[in-house]
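Novice:
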Amino acid sequence: MENIDEYIWQRRIHHGVRQQKGTVPFPESVKVGLDFNAALERKEKLDPGLLTNAVLLELCAFAKTVTQSKMYFLLEMLDFNFDLGVDLDNDQQYYEYARRADSKIKDQIRNKTHQRNKDKFSLPDISFLVKITANEHPGRYYPKRNKMVDTSVLTDGSRKTAEPQKTEISEDTSMVKIPGGLRVKARSYPYCEDLGVSLFVRPEDAPKDKLDPNPLTNGVMLELLDFFASSLRNAKQDSSRLD
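Using UniProt numbering, you'd call the opening residue of the sequence shown number 1 and step up by one each time.
#1: With a threshold of 8 Å, are at least 3 pairs of Cβ atoms found where one atom belongs to the segment 123–133 and the other to the segment 95–109?
#2: Note the first and the last residue of the continuous alpha helix (DSSP H) segment covering ARG100.
#3: Using the rule of at least 16 other Cβ atoms within 10 Å of the residue's Cβ for burial, across every protein chain shown, is ASN218 buried or exposed?
#4: Select from GLN93, ASP150 and LYS106 the residue whose C-alpha is nearest the C-alpha of ARG140.
#5: Identify which residue in ASN146, ARG145, ASP89 and ASN117 has its Cα closest to the Cα of VAL130.
#6: Among residues of its own chain, excluding the 5 on either side of LYS21, which ones have a beta-carbon nearer than 7 Å to its beta-carbon?
#7: Considering only residues of the same chain and omitting the five flanking positions on each side of THR151, which have a CB-CB separation below 6 Å?
#8: Roughly how many whole angstroms lie between the Cα atoms of LEU84 and MET71?
#9: Classify residue 247: buried if its beta carbon has 16 or more other beta carbons within 10 angstroms, exposed otherwise.
#10: For a test of the three-state rule: what should DSSP assign to GLU44, helix, strand or coil?
#11: Helix, strand or coil for LYS118, going by three-state DSSP, please let me know.
#12: Please classify ALA134 as buried or exposed, where buried requires at least 16 other C-beta atoms within 10 Å of its C-beta.
#13: What is the DSSP secondary structure of ASN67, counted as helix, strand or coil?
#14: Our contact map puts ASN117 next to SER198 with C-beta atoms below 8 Å; I'd like the distance itself, whole angstroms only.
#15: Mind checking GLU76: buried by the 16 CB within 10 Å criterion, or exposed?
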């Protein structure tokens with residue numbers, strides 16, 4: 001078990017550095033010692049005079065990237081649970097699969113087929129994606145991930161002087177926003193639970209036995225989408241603390 005705020009901020013930070021170019025993300029914020037993990041309460045506060053325009057712009061960029069990370073967050077959960085056949089080290093294939101899976105979910109909602117929760121959800125055709133991403137194609141856009149970025153510099157300050165809240169998480173809970181943080185709401189995700197889908201995914205987790213994607217339903221995908229919305233909403237409002 002792990003405290004829920006800590007877990008959520010770990011995932012926000014993981015996805016929030018996606019567009020950073022250098023090894024050190026948000027360098028102006030790191031320079032003043034700002035901590036991006038708002039789940040931890042620092043005992044030693046920073047001088048408010050350190051809050052410059054450059055720091056504010058970096059915080060806005062962080063919040064914007066987090067709120068735009070839905071398709072990557074969903075692919076992260078799908079790949080952890082299901083045998084998708086996606087080469088996550090291939091940036092072009094990674095992006096195309098995430099984009100197409102996200103588009104399929106949007107189509108389900110737009111066409112109201114999502115109301116049939118027990119119907120099979122059709123994932124992108126991986127054989128087609130492997131074919132079109134086998135080689136570089138001039139003019140075809142896809143974002144290249146910065147695999148050298150060091151996210152530890154965004155949480156160094158609080159880890160030395162702070163203690164997280166003791167709210168714990170389990171696979172049968174979801175989160176609701178309340179003043180001062182998040183709390184656990186006693187509500188399960190029944191379609192994910194029935195299929196054995198894990199919602200809490202960390203890069204350092206040991207690989208689990210992958211599930212067959214064939215039983216994947218609209219209900220599971222909508223629950224994953226709801227989990228994303230619950231865990232990453234309000235990132236702009238509480239994106240960081242200048243402690």
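Ideal Cβ placement from N, Cα and C applies to all residues, glycine included.
All figures in this text were calculated on a predicted structure; none of them were measured in a lab.
Specialist: Checking against the coordinates, here is how it stands:
#1: yes
#2: 91–110
#3: buried
#4: GLN93
#5: ASP89
#6: ASN146
#7: ILE13 and VAL17
#8: 15 Å
#9: Missing from the structure shown is residue 247; the chain here goes from 1 to 243 and no further.
#10: coil
#11: coil
#12: exposed
#13: Rather than Asn, the amino acid found at residue 67 in this sequence is Thr. Helix.
#14: In fact, because the Cβ distance is near 20 Å, the residues do not count as touching under 8 Å.
#15: buried
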